[in-house]
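Data block below; observations after.
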Amino acid sequence: MSTERIERELAILRIGSQVAQLVSADGRQVVLYRAVPTAGAALGLPETTDVIVPVPPGYPASLIDLAGLPVGSPFLARVKGGQNNQGVLHIDGRPWQLASYHPHNGGGGPPWDQNRHGFHTYLDHLIAWLDKLT
Amino acid sequence: MARQTHIVPKTNVPVIVRMAAPEFERLRALVFRRYPDFEWASFARFGWRDTPEGLVLTLAALDEPGVGDLDEDVGHVAIQEPYTLRIALASETHPLAVAVIHSHPQGCRPRPSTIDDDMDSYYGRYFHDFAPDRPYISLIFSEIDGEFVVSGRVLWRGEWLHVVRFSIERTPTEAWVGGDRPQRNDLDLPRERTARLNAAFGEEAAARLRRSTVAVIGAGGTGSAAIEVLVRAGVGRIVIVDPDHVDESNLERIHGSRPEDAKKKIAKALLAREHALSIDPNCKVVACLGSLPQKEVVDAVVGCDMALGCTDQQHSRVALSDLATRYLVPSLDCGVLLEGRDGKITAQVLQIIRFLAADPCALCRGLVTPQRLAQELMSPEERDARRAAAKCASEQDANAYWRDMPQLNTVGYLTTTAGALSAGYAIGWLSGRFDPPFGRLQLNLTGTLLDVTDSEELPRPDCSCRRVRGWSDQAAADALITAPGHWSAAKILT
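So the sequences go chain by chain: R and F.
For the record, in the first sequence the residue sitting at position 131 is 130 according to numbering that gives the first Met the number 0, with numbers rising by one throughout.
For the record, in the second sequence the residue sitting at position 113 is 112 according to numbering that gives the first Met the number 0, with numbers rising by one throughout.
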């Protein structure tokens with residue numbers, strides 16, 4: 000895993016006031032994004048939520064995909080791919096369910112390009128994901 | 000009177016200096032600017048990697064002198080203080096090591112003089128104050144009897160070390176350790192064995208091959224053929240990298256394999272080592288059970304004169320490309336493809352891709368399919384879990400995101416041809432007798448006149464490979480690929 004690269008990307012997020020950190024648990028590394036904005040207010044749901052995204056093996060050669068929400072999150076039933084459980088991870092003292100979200104792999108975003116994309120640009124996809132609630 | 004310091008470098012930590020052709024040619028032209036009678040110099044920046052086998056330094060950039068930076072009125076090198084200060088201040092803004100490279104007049108050995116000792120003692124301390132914990136490098140270029148000669152020493156962790164080897168792209172070069180002419184030992188190989196090759200390429204080429212180290216990544220059908228050709232040609236040291244073990248289906252392709260090897264599930268790297276030593280017991284063969292870019296494997300490969308990629312896998316191709324760009328290890332990657340339809344073989348394609356430091360990387364050349372690469376790098380468990388989840392999802396969503404990547408078909412005569420051809424280009428490269436005359440060669444054995452094509456792709460201006468040439472470990476954040484955590488730990492068997 001390229002810790003140096005991920006730390007560089009997280010530093011870019013910090014410049015934009017987005018808090019995100021690299022954490023490990025269950026033998027995996029994930030990026031934990033804090034308080035990502037949602038469109039939940041109109042539905043009586045929280046306006047923000049924490050989200051985890053696994054660091055793919057071989058990163059940055061492998062594309063980033065998936066997104067995880069705390070087990071029991073009301074957003075899981077409303078986000079794209081939320082019903083398609085891709086596994087549960089224990090991170091930050093709680094269980095998280097990974098949703099089937101693949102923006103760089105036919106899921107609406109541009110094809111993966113490691114020269115342009117990273118955990119700093121993935122935030123945009125997470126915001127879009129949490130904005131289109133059903 | 001100025002204090003005189005006599006530097007006595009050691010060889011307990013071998014130091015290897017690597018240079019790519021464009022930077023080397025520019026540097027040579029620069030420091031030989033006042034040839035044949037007078038000296039000249041330049042500062043430069045080097046990346047480095049500290050390995051268990053020694054320190055590997057890679058030329059990343061030149062900090063050329065401007066007007067007035069060196070005294071034109073004296074024959075020897077006299078660097079003016081503003082130039083030195085400019086380089087020192089710049090070193091606080093980048094992570095690379097500082098080097099000074101100067102020439103000795105034509106015909107003079109590259110042996111450091113007492114003035115050179117004074118300069119290096121001073122600079123070693125001076126630059127350490129601005130950029131601590133980095134090597135300080137001092138090289139001397141010269142030309143004797145029309146031959147380029149070079150020596151070097153490095154201050155690293157408080158010790159002066161000799162440069163024992165130079166690996167300069169397209170310029171076979173021997174280190175003049177301490178400024179002394181290299182000892183020419185008799186070849187430890189019966190002359191008759193390589194008599195035909197020597198007759199064609201010359202005795203000097205045979206000696207160069209014997210001094211060379213080649214990394215072969217992948218010891219399957221293609222790699223085992225390449226290894227056999229290289230060992231028979233007299234290459235002195237081979238580093239073989241492969242994480243897998245022989246099974247029945249490999250016997251049709253792997254040179255030297257026997258049914259009992261498949262029964263015993265012997266490691267491919269060990270089998271290749273055994274086979275190489277049976278051909279030439281004096282060849283030094285290192286077997287690595289692992290894959291690029293695992294740390295231990297990179298450590299073993301980064302000092303090699305060149306690498307051959309024989310895995311036909313995208314992650315290996317990307318790692319080789321990274322090795323060429325950041326660590327200046329010239330590489331050739333080869334692969335094969337077999338296609339058929341209606342009971343006929345329709346295509347038998349061989350591909351050899353050249354990765355020199357200045358070549359476009361694997362990403363620039365569009366050699367990567369993100370989905371295939373991601374699947375190669377997943378653990379088998381993750382692959383199974385994703386396949387199952389995708390199957391479940393596809394019942395609700397026709398926009399399936401998972402597609403199993405087909406296994407590429409291949410046969411022994413194709414892998415042997417690809418491996419032997421690549422080894423041939425490696426021999427040409429190492430001996431200095433010929434270069435691969437292509438960027439990416441493809442030929443189709445089933446095509447009319449073999450359908451030979453060459454592609455000289457252009458680099459993408461925004462690609463990281465344009466920024467980090469020779470930056471070595473100092474551009475770790477720009478690595479194109481990292482080793483997945485689920486891979487078994489690499490083992491080096493010497």
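Glycine included, each C-beta is placed from N, C-alpha and C at the ideal position.
When the Cα atoms are used, what is the spatial distance from residue i to residue j?
| i | j | result |
| --- | --- | --- |
| P13(F) | H161(F) | 7 Å |
| A397(F) | W111(R) | A caution first: A397(F) carries a pLDDT of 49, below 50, which makes its placement in the model unreliable, though a value can still be read off. Approximately 21 Å between the Cα atoms of the pair. |
| L349(F) | G334(F) | 6 Å |
| S1(R) | A478(F) | 7 Å |
| G217(F) | T447(F) | 31 Å |
| E22(F) | T172(F) | 15 Å |
| W95(R) | V87(R) | 5 Å |
| V149(F) | R33(F) | 17 Å |
| L9(R) | G46(F) | 25 Å |
| D403(F) | R385(F) | 10 Å |
| N498(F) | V234(F) | Outside the displayed span of chain F (0 to 493) sits residue 498(F), for which this structure offers no information. |
| T210(F) | A271(F) | Note that residue 210(F) is Arg in the sequence shown here, rather than Thr. About 20 Å. |
| D341(F) | L413(F) | 21 Å |
| D130(R) | D358(F) | 43 Å |
| A225(F) | D304(F) | 15 Å |
| A419(F) | L362(F) | 26 Å |
| L154(F) | A346(F) | 55 Å |
| P59(R) | F200(F) | 43 Å |
| C287(F) | Q406(F) | 25 Å |
| D187(F) | L331(F) | 28 Å |
| P8(F) | D117(F) | 14 Å |
| G472(F) | Q79(F) | Position check: residue 472(F) holds Asp in this sequence, whereas Gly was assumed. Computed Cα separation, rounded: 31 Å. |
| N249(F) | P258(F) | 10 Å |
| D119(F) | T50(F) | 24 Å |
| G438(F) | L26(F) | 25 Å |
| P379(F) | D128(F) | 50 Å |
| G178(F) | A373(F) | 50 Å |
| G427(F) | R207(F) | 11 Å |
| I344(F) | A417(F) | 18 Å |
Strictly by DSSP, which residues pair up with residue i?
| i | result |
| --- | --- |
| W39(F) | Note: W39(F) sits in no beta bridge, so no partner. |
| W155(F) | E158(F) |
| M118(F) | M118(F) is not bridged to any residue. |
| Y32(R) | A19(R), V50(R) |
| L97(R) | G67(R) |
| L494(F) | Look at the range of chain F in this structure, 0 to 493, and you will see that residue 494(F) is not part of it. |
| G302(F) | None; G302(F) has no bridge partner. |
| R164(F) | I15(F) |
| F437(F) | Note: F437(F) sits in no beta bridge, so no partner. |
| W47(F) | L56(F) |
| K343(F) | R340(F) |
| I352(F) | D332(F), R439(F) |
| L492(F) | A286(F) |
| T452(F) | Q441(F) |
| K9(F) | L160(F) |
| T113(F) | Paired residues: none, contrary to the question. |
Identify which residue in the options has its Cα closest to the Cα of residue i.
| i | options | result |
| --- | --- | --- |
| D144(F) | T416(F), D383(F), E52(F), R108(F) | R108(F) |
| V297(F) | D72(F), V76(F), A475(F), P8(F) | A475(F) |
| L132(R) | A38(R), T47(R), H116(R) | A38(R) |
| K263(F) | S315(F), P131(F), D246(F) | D246(F) |
| D62(F) | L429(F), L29(F), V76(F) | L29(F) |
| V467(F) | F433(F), D321(F), A373(F) | D321(F) |
| S315(F) | Q370(F), R364(F), M18(F), E375(F) | E375(F) |
| G107(R) | G80(R), L68(R), Q113(R), V52(R) | G80(R) |
| D82(R) | A66(R), D91(R), G92(R) | The question names Asp, but residue 82(R) is Gln in the sequence shown. Ranking A66(R), D91(R), G92(R) by Cα distance to Q82(R) puts A66(R) first. |
| R164(F) | D332(F), R156(F), D279(F), A174(F) | A174(F) |
| A482(F) | H101(R), P56(R), Y121(R), G15(R) | P56(R) |
| L269(F) | P131(F), I167(F), L492(F) | L492(F) |
| P104(F) | A205(F), G151(F), F147(F) | F147(F) |
| G542(F) | L372(F), E380(F), I351(F), C360(F) | In the structure as shown, chain F begins at 0 and stops at 493. Residue 542(F) is therefore absent and cannot be evaluated. |
| D68(F) | Q293(F), L84(F), A96(F) | L84(F) |
| T484(F) | A19(R), P45(R), A24(R) | According to the sequence displayed, residue 484(F) carries Gly and not Thr. Minimum Cα distance to G484(F) is reached at A24(R). |
For a cutoff of 8 Å on Cβ pairs, would you count residue i as touching chain A?
| i | result |
| --- | --- |
| A392(F) | The structure shown contains no chain A; its protein chains are R and F. |
Checklist entry - Along the chain, which unbroken stretches of the alpha helix (DSSP H) at least 4 residues long are found entirely within the segment 367-433 of chain F? => result Within the segment 367-433 of chain F, the complete alpha helix (DSSP H) runs of at least 4 residues are 369-376, 379-393, 411-430.
Checklist entry - At which residue ranges does the segment 179-241 of chain F contain complete beta strand (DSSP E) runs of 3 or more residues, listed in the order of the chain? => result Here the runs fully enclosed are 212-216, 236-240.
Checklist entry - At a Cβ cut of 7 Å, what residues of the segment 60-77 of chain R count as close to chain F, listed as they run along the chain? => result Shown in chain order are the members of the segment 60-77 of chain R whose Cβ falls below 7 Å from a Cβ of chain F: A60, S61, L62.
Next on the checklist: Against chain F, which members of the segment 38-63 of chain R pass a CB distance test of less than 8 Å?
Outcome noted: Hits within the stretch, in order: P55, P56, G57, Y58, P59, A60, S61, L62.
Checklist entry - Taking Cβ-Cβ distances below 7 Å as the criterion, which residues of the segment 306-326 of chain F are in contact with chain R? => result Of all residues in the segment 306-326 of chain F, H314, V317 have a Cβ within less than 7 Å of some Cβ in chain R.
Item to check | Runs of beta strand (DSSP E) lying entirely within the segment 236-319 of chain F, each at least 3 residues, in chain order | outcome: Entirely contained in the segment 236-319 of chain F, the beta strand (DSSP E) runs reaching 3 residues are, in chain order, 236-240, 283-288, 305-308.
Checklist entry - Which residues, in chain order, does the segment 475-490 of chain F contribute to contact with chain R at a C-beta distance below 9 Å? => result For the segment 475-490 of chain F, the set of residues with a beta-carbon nearer than 9 Å to any beta-carbon of chain R comprises A475, A476, D477, A478, L479, I480, T481, A482, P483, G484, H485, W486, in chain order.
Checklist entry - Can you list, in chain order, the residues of the segment 260-273 of chain F whose Cβ is nearer than 7 Å to any Cβ on chain R? => result If the cut-off is 7 Å between Cβ atoms, the segment 260-273 of chain F has nothing near chain R.
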